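To convert, take the position in the sequence shown, counting from 1, and add 81; that gives this note's numbering. C-beta: ideal position from N, C-alpha, C; glycine also. Computed from a prediction, not measured in an experiment: that's the story for all the values here.
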Amino acid sequence: MKKPVRQRDGQQWNSDYLIKATGRAVHHEGDGRSLPPQARSIRMVEKYITRSAENAERLAWQAEEGGNRLTARQLYRIASERYREAQHFCVLIVGPRKRELHA
């Protein structure tokens, strides 16, 4: 069965334009770029935020292994916030990637 196409399905160009022009996902966010500078479209945002989260998690693990629990805790917090943010940019609203990032 063919998947129905909704009229709003091709509208991600709006988000892509805002990201390119302002560095923000929506026009009413605060001043300054809030998304990674490498991201030029809504589909790229999740990838770059996830990379940042994975890096923070790796650094936290290394800090924990080195016995620096306070730094590890702070980095795990940063990683969890970035994973939370990344899952909001998954284009498929309910999909395996969104569930993976949420977990």
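Distance, Cα to Cα, residue 177 vs residue 184?
Translated into positions along the sequence shown, residue 177 becomes position 96. Translated into positions along the sequence shown, residue 184 becomes position 103. Cα to Cα, the separation comes out at about 11 angstroms.
Would residue 134 and residue 161 be called neighbours here (beta carbons separated by less than 9 angstroms)?
As a first step, residue 134 must be located in the sequence shown, where it is residue number 53. As a first step, residue 161 must be located in the sequence shown, where it is residue number 80. Contact flag set, yes.
On a CA-only basis, which of 148, 131, 156 is nearest residue 168? Give me that one, please.
Against the sequence shown, residue 168 aligns to sequence position 87. Closest by alpha carbon: 131.
May I ask you to report which of helix, strand or coil DSSP gives residue 121?
What you label residue 121 is simply residue 40 of the sequence shown in a count that begins at 1. Coil.
Just curious, the alpha helix (DSSP H) that residue 168 is in, first and last residue?
Walking along the sequence shown from the start, residue 168 turns up at place 87. It spans 150–168 - the alpha helix (DSSP H) in which residue 168 sits, taken as one unbroken run.
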